[in-house]
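Peer 1: Handing you a structure now.
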Amino acid sequence: GEAIGTEGNVFKNVRDLYNNNFDKSEVFRGLDFGFTTDPSAYVEWCYSIRNRSIYCLNEFVAKGADNETLASNIAVYNKHNFRVWCDSSEPRTINELIKLGIRAVGVRKGQDSVRHGIKWLQSLNGIYINPITCPHTYKEFTEYEYKTDRFGEYTGELLDKNNHTIDATRYALNTKIEY
3 GEAIGTEGNV FKNVRDLYNN NFDKSEVFRG LDFGFTTDPS AYVEWCYSIR
53 NRSIYCLNEF VAKGADNETL ASNIAVYNKH NFRVWCDSSE PRTINELIKL
103 GIRAVGVRKG QDSVRHGIKW LQSLNGIYIN PITCPHTYKE FTEYEYKTDR
153 FGEYTGELLD KNNHTIDATR YALNTKIEY
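Numbers given in this note's numbering equal positions in the sequence shown, counted from 1, plus 2.
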């Protein structure tokens, strides 16, 4: 696959993924919470240490999804109920997901964890996403751009919008991210 994007894109290492010929021995799962304005986003990624690349396996993205809906959709993909790394800012939601049978765990966030996570993702050789099977993740990663100043110049500052699958990806891979 070829890299996609514009000069302001945060991720210049996104590649189209059209086959399943990648190592699926280690799958990492992440969940970013949303409801009214922002969607909840669940993602599954495979990480290849050898290739220093990640491969998007599955996604579930929905606005207005209650916790029961989240849990049942996560269970469709996460059949063996492996750990799901979540945004730690919502302990009540995490607790409810646990009661609904999901092995939800809050991610410990440190100072500049967003910036560090983005830099780590940028350092990968490839972020492989199938635009057909994971359209939300593909759209976010290929369209995520830096903030612009009043002259339309890119500032290098990260936006905090339209990045829900990106946040879920950082949570999923938090044990691999080098700080």
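All residues carry an ideal CB built from backbone N, CA and C; glycine is no exception.
Note that the structure is a prediction, hence the values are computed from the model and not measured.
Are there 16 or more other CB atoms within 10 angstroms of the CB of Ser-146, so buried, or fewer, so exposed?
Peer 2: Along the sequence shown, one-based indexing puts residue 146 at 144. What sits at residue 146 in the sequence shown is Tyr, not Ser. The residue is buried, with at least 16 neighbouring Cβ atoms inside 10 Å.
Peer 1: Can you tell me whether Lys-101 is helix, strand or coil according to DSSP?
Peer 2: As a working note, residue 101 is residue 99 in the sequence shown. Helix, per DSSP.
Peer 1: Which class does Phe-84 belong to by DSSP, given the choice of helix, strand or coil?
Peer 2: As a working mapping, residue 84 is identified with position 82 in the sequence shown. If DSSP states are grouped into helix, strand and coil, Phe-84 belongs with coil.
Peer 1: Jot down the residue ranges of each uninterrupted beta strand (DSSP E) in the stretch 25-80, minimum 3 residues, whole runs only, in chain order.
Peer 2: Look at the stretch 25-80 and you find these whole runs of beta strand (DSSP E), each 3 residues long or longer: 29-34, 42-50, 55-64.
Peer 1: Helix, strand or coil: how does DSSP classify Asp-2 here?
Peer 2: The structure shown does not extend to residue 2, since the chain is modelled only from 3 through 181, so no value can be given for it.
Peer 1: I'd like the list of long-range same chain contacts for Leu-160, defined as Cβ closer than 8 angstroms, with 5 residues on each side in sequence excluded.
Peer 2: Position 158 of the sequence shown holds residue 160. Only Val-12, Val-116, Arg-117, Ile-120, Tyr-148, Lys-149 meet the Cβ criterion.
Peer 1: Grab me the residues of Leu-175's own chain with a C-beta within less than 6 angstroms of its C-beta, minus the 5 sequence neighbours each way, in chain order.
Peer 2: Reading the sequence shown from its first residue, position 173 is the one you call residue 175. Counting only Cβ-Cβ distances below 6 angstroms, and skipping sequence neighbours, we find Phe-30.
Peer 1: Exposed or buried, Val-63, counting other C-beta atoms within 10 Å across all chains shown (16 or more means buried)?
Peer 2: Start at 1 with the first residue of the sequence shown, and residue 63 comes out as number 61. Buried, because 16 or more other Cβ atoms sit within 10 Å of the Cβ of Val-63.
Peer 1: Are Trp-122 and Gly-32 closer than 8 angstroms when you measure CB to CB?
Peer 2: Taking the sequence shown and counting its residues from 1, the one referred to as residue 122 is at position 120. Taking the sequence shown and counting its residues from 1, the one referred to as residue 32 is at position 30. Taking 8 angstroms as the cut-off, the Cβ atoms of Trp-122 and Gly-32 do not count as close.
Peer 1: At the level of alpha carbons, what is the spacing between Arg-152 and Asn-164?
Peer 2: Here the question's residue 152 lines up with position 150 in the sequence shown. Here the question's residue 164 lines up with position 162 in the sequence shown. Taking the straight line joining both Cα atoms gives about 21 angstroms.
Peer 1: For the stretch 106-130, list the alpha helix (DSSP H) runs that are entirely contained and at least 4 residues long, ordered along the chain.
Peer 2: 115-125
Peer 1: For Asp-162, which three-state DSSP category applies?
Peer 2: The sequence position of residue 162 within the sequence shown is 160, counting from 1. Asp-162: coil per DSSP, three-state reduction.
Peer 1: Have a look at Ile-56, Glu-9, Asn-60 and flag the residue whose alpha-carbon is nearest the alpha-carbon of Pro-137.
Peer 2: Taking the sequence shown and counting its residues from 1, one reaches residue 137 at position 135. Closest option to Pro-137, Cα to Cα, is Asn-60.
Peer 1: Just to confirm my understanding: we take Asn-127, look at its own chain, exclude 5 residues before and 5 after, and list those with CB closer than 8 angstroms. What are they?
Peer 2: Working through the sequence shown from its first residue, we reach residue 127 at position 125. Asn-15, Asn-53, Arg-54, Ser-55.
Peer 1: Report the CB separation of Phe-143 from Ile-134 in whole angstroms; it is logged as a contact under 8 angstroms.
Peer 2: Counted from its first residue, the sequence shown places residue 143 at position 141. Counted from its first residue, the sequence shown places residue 134 at position 132. Wrong, their Cβ atoms sit about 15 angstroms apart, outside the cutoff.
Peer 1: Helix, strand or coil for Thr-135, going by three-state DSSP, please let me know.
Peer 2: The sequence position of residue 135 within the sequence shown is 133, counting from 1. Three-state DSSP puts Thr-135 in coil, outside helix and strand.
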